[in-house]
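Single-structure report; data block below.
Residue numbers (the working numbering), protein chains in the order written: chain A, 1 to 125; chain B, 126 to 401.
Shown next, in the form of structure tokens:
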């Protein structure tokens with residue numbers, strides 16, 4: 001299971017790492033509970049600053065894809081299916097935000113619309 | 126005279142090494158489940174040659190240098206720790222082989238964490254730690270039992286030094302092993318990654334094998350103290366183990382340093398081999 005860095009790419013290195021880790025989870029190569037290499041190891045191997053890898057891990061953590069547990073390391077927290085569902089929700093949320101923006105409505109209006117739609121589906125608003 | 130004997134022994138070792146060449150690359154790779162390719166073969170070949178040369182040089186220097194120092198100081202005694210110095214030379218040779226190994230060039234890296242039990246068996250890691258504690262325990266016993274005056278070098282300060290060395294050596298050697306596996310590993314292809322893993326594993330096995338031999342040597346020195354004590358019970362029960370430990374150490378060194386081991390990363394389908 002290898003990760004590739006393209007030094008000539010316009011995509012920053014931390015983003016390249018983030019994208020590839022997500023892709024490896026989506027293809028099922030990285031499974032829930034598997035440990036990622038320590039920041040120092042990956043940074044040393046790729047010839048990057050530790051801060052760059054830390055930033056990629058933080059972004060993945062913020063996405064809920066991985067879980068950082070300090071000294072116990074970083075583990076995969078989401079399965080491929082879970083990421084796909086999250087991505088679908090994110091796409092729908094982006095569409096809602098774009099529609100609200102076009103009709104000059106604010107976040108509060110969008111949240112109210114979401115609550116109404118959620119209640120109509122029988123979900124907890 | 127001792128100096129001359131040491132040189133003769135060293136020349137003998139060099140002769141043996143000249144005859145016994147490094148293991149054929151294909152055989153070495155097969156024993157480690159490494160698939161050789163046109164890309165990784167030159168790296169493996171070069172490592173095996175330089176590792177053999179540097180480790181042997183370390184052993185030879187370890188055999189000669191203590192006698193040279195004792196001779197230069199004009200002391201009329203043999204240097205303490207018969208196997209200690211060649212083992213130390215061997216460890217330094219292994220480190221030199223690892224440091225001088227050409228660094229692979231690439232923009233790829235593995236997403237598997239590199240951990241010591243991937244490169245050497247857990248049983249062996251435990252064995253080294255347990256041997257260290259056991260040797261320190263025997264050192265404590267030897268310290269309590271008054272050594273006979275006639276033993277000369279096996280005095281109480283020497284026993285304390287051996288006990289401390291027995292505690293420190295496994296820690297220090299395990300640190301070196303961890304340093305070896307944590308060195309940066311940039312790669313350009315999976316075959317180079319597999320070869321690099323196999324070479325690291327060989328270096329770790331060499332260090333760990335030397336460490337176990339070192340512990341057995343220290344244990345033997347302490348058992349000799351107990352075997353020469355005034356306590357009948359200790360004399361009866363430690364004489365044979367002392368002789369056994371002394372004679373087993375070099376064989377343990379060779380055996381443990383050259384064990385077959387296939388590096389299997391956690392994401393590999395198969396489990397690690399079971400050799401110790």
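Think of the CB as a built atom: it goes at the ideal place given N, C-alpha and C, for glycine as much as any other residue.
*Cα-Cα, which of 349(B), 268(B), 217(B) and 249(B) is closest to residue 175(B)?*
217(B)
*Tell me whether the beta-carbon of residue 76(A) lies closer than 7 Å to the beta-carbon of residue 42(A).*
no
_Using a Cβ-Cβ distance cut-off of 7 Å, determine whether residue 275(B) contacts chain A._
Unreliable placement is indicated for residue 275(B), whose pLDDT of 48 sits below 50; no coordinate value is reported for it.
*Check whether the Cβ atoms of residue 340(B) and residue 219(B) sit closer than 7 Å, and answer yes or no.*
no
*Out of curiosity, what's the CA-to-CA distance linking residue 169(B) and residue 27(A)?*
33 Å
_Based on DSSP bridge pairs, tell me the residues matched to residue 74(A)._
68(A)
*Going by the CB atoms, is the gap between residue 215(B) and residue 335(B) shorter than 7 Å?*
yes
*Which one or two residues does DSSP pair with residue 4(A) in a beta bridge?*
233(B)
*Output the distance between the C-alpha atoms of residue 304(B) and residue 181(B), rounded to the nearest integer angstrom.*
22 Å
*From what residue to what residue does the alpha helix (DSSP H) around residue 189(B) run?*
166-197
_First and last residue of the uninterrupted alpha helix (DSSP H) at residue 312(B)_ = Residue 312(B) -> no alpha helix (DSSP H), and no H or E assigned at all.
*Which term fits residue 4(A), buried or exposed, when burial requires 16 or more other beta carbons within 10 angstroms of its beta carbon?*
exposed
_Between residue 233(B) and chain A, is the shortest Cβ-Cβ distance under 7 Å, so that the two count as touching?_
yes
*How many whole angstroms separate the CB atoms of residue 85(B) and residue 343(B), which I take to be in contact at a CB cut-off of 8 Å?*
Here chain B has residues from 126 to 401 only, and residue 85(B) is not among them.
_Residue interval of the alpha helix (DSSP H) (run including residue 368(B))_ = 357-382
*Give the interface partners of residue 3(A) over in chain B, defined as CB-CB distance under 8 Å, in chain order.*
233, 234, 235 and 236
*Which residues in the same chain as residue 257(B) place their Cβ atom closer than 7 Å to its Cβ, once the five residues preceding and following it in sequence are excluded?*
291, 292, 294, 295 and 340
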